[in-house]
């Protein structure tokens with residue numbers, strides 16, 4: 001795909017949220033199904049039909065200027081769409097965003113599913129990307145062994161080795177010589193003295209390995225902070241990984257540490273990812289559910305939390321939302337008041353009448369935009385964890401105060 005190819009993370013998502021155009025922003029998503037090997041796979045046809053629907057919608061627009069602008073832009077974007085839907089292109093999930101009145105095009109390619117859709121709105125449609133970051137966002141993998149630590153970045157289904165921290169034994173003269181190992185003569189059993197030398201070497205080497213692993217923790221913690229890892233998976237021998245895990249939690253304690261006693265240090269980064277992803281995904285779902293439940297409990301106890309659409313929108317108006325939790329499959333509608341804020345159906349700001357309210361069909365998307373605009377964290381919950389909010393309209397928020 002052409003245009004500005006972006007790396008998806010929380011920073012780029014916030015930057016994308018600021019992309020606006022008076023004529024509209026086109027958002028196109030596709031998920032390539034590797035199981036469909038036909039010349040015209042179903043996913044490709046579905047996205048192409050969604051783009052055609054936008055063209056038909058624009059043709060019926062009563063605003064002639066906007067109609068012509070959208071139709072011209074769709075025509076110019078035809079090569080971009082063709083590249084996005086190319087079955088030979090890499091990337092399971094693909095996304096394209098383009099302003100109607102300008103030339104700006106931004107694209108993303110990830111190795112996790114997104115959806116098949118095309119929209120034209122005032123701002124980019126962000127929910128699929130926010131959902132992907134919730135369950136498949138940046139995480140670290142530390143493959144620990146007596147040779148050192150391999151540091152791997154894992155995000156959105158893609159694995160990349162960041163660095164290797166190799167261990168080198170000091171004082172090689174401590175290694176038992178072959179002569180001492182064969183002190184008993186050819187064909188005889190090694191002497192007790194030879195075993196003693198080997199044991200001392202093993203103990204000394206293990207001590208140095210443990211000191212080395214303890215010494216690299218600050219560097220690993222710095223990398224984890226720079227990469228934005230909310231979860232770190234540590235693999236290897238139990239004693240070694242327990243040394244590395246100490247001190248890796250963030251200052252506020254919100255970095256999950258997952259320990260796996262698999263020895264994977266000699267595998268490729270994609271092979272390591274294939275082993276750790278199931279456990280990582282399960283842990284993230286557990287974390288989503290647990291935190292949403294904590295927020296709900298805090299709200300019901302009168303603490304720093306809200307549940308339900310009305311109270312959460314009220315918290316946004318007061319600038320208090322620190323972390324939004326949203327059921328990714330729940331449809332939320334309402335309206336926008338003359339003050340520019342959003343309200344559930346049946347609610348109006350003081351002094352406003354129902355006739356002054358403008359219908360809003362996707363309040364979930366609007367809350368995602370509000371959260372990104374105000375620096376709040378966003379968690380779009382998948383089925384399962386979202387059940388925690390089933391009695392609350394599918395929305396809750398952790399508050400700043």
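In the UniProt record's numbering, the protein residues as written are 1 to 401.
Where is the CB? At the ideal position from N, CA and C, for every residue including glycine.
Reduced DSSP category for residue 147 - H, G, I as helix; E, B as strand; rest coil: Coil, per DSSP.
In chain order, which continuous runs of the beta strand (DSSP E) of length 3 or greater are located wholly inside the segment 373-400? For secondary structure counted as the beta strand (DSSP E) over 3 or more consecutive residues, the segment 373-400 holds these complete runs in sequence order: 377-381, 395-399.
Sort 316, 235, 375, 388 by Cα distance to residue 15 and report the nearest one. Checked all of 316, 235, 375, 388; the closest Cα to residue 15 is 375.
Measuring CA to CA, which of 18, 96, 306, 320 is closest to residue 116? The alpha carbon of residue 116 has as its nearest neighbour, out of 18, 96, 306, 320, the alpha carbon of 96.
Once you ignore the five residues that flank residue 300 on each side, which residues in its own chain have a CB closer than 6 Å to its CB? If we look at residue 300 and ignore the five residues flanking it on each side, it has no Cβ neighbours.
Look up residue 177 in the DSSP assignment and say whether it is helix, strand or coil. Legend: pLDDT at residue 177 = 48, less than 50; position of this residue unreliable, no value from coordinates given.
Under 7 Å Cβ to Cβ from residue 283, same chain only, skipping five residues before and after it: list those, please. Cβ neighbours of residue 283 within its own chain (closer than 7 Å, five residues either side excluded): 231, 256, 258.
Would DSSP call residue 7 helix, strand or coil? Of the three classes helix, strand and coil, the one that applies to residue 7 here is coil, per DSSP.
What is the rounded straight-line gap between the Cα of residue 91 and the Cα of residue 397? Approximately 33 Å, taken between the alpha carbons.
Taking C-beta to C-beta, are residue 31 and residue 382 nearer than 8 Å? By the CB criterion at 8 Å, residue 31 and residue 382 fall outside the cutoff.
Other residues of its chain near residue 393: CB distance less than 6 Å, five sequence neighbours each side excluded: Excluding positions up to five away in sequence, the list reads 308, 309.
Any chance you could list the alpha helix (DSSP H) runs of at least 4 consecutive residues sitting entirely within the segment 282-369, in chain order? Counting only runs of 4 or more, we get 309-317.
If you follow the beta strand (DSSP E) that residue 120 is part of, which residue opens it and which one closes it? Start and end: 117-121.
Cut-off 7 Å between Cβ atoms - residues of its own chain near residue 157, not counting five sequence neighbours on either side: Residues 92, 110, 111, 112, 136 of the same chain have their beta carbon placed closer than 7 Å to that of residue 157, with the five preceding and five following residues left out of the count.
Paired residues, beta bridge with residue 403 - DSSP: A query on residue 403 cannot be resolved here, the shown segment of the chain reaching from 1 to 401 and no further.
Proximity below 8 Å, CB of residue 25 to CB of residue 124: Yes, Cβ-Cβ distance for residue 25 and residue 124 is below 8 Å.
With a threshold of 8 Å, are at least 3 pairs of Cβ atoms found where one atom belongs to the segment 356-372 and the other to the segment 384-391? Judged by pairs of C-beta atoms under 8 Å, the segment 356-372 does not touch the segment 384-391, as fewer than three such pairs exist.
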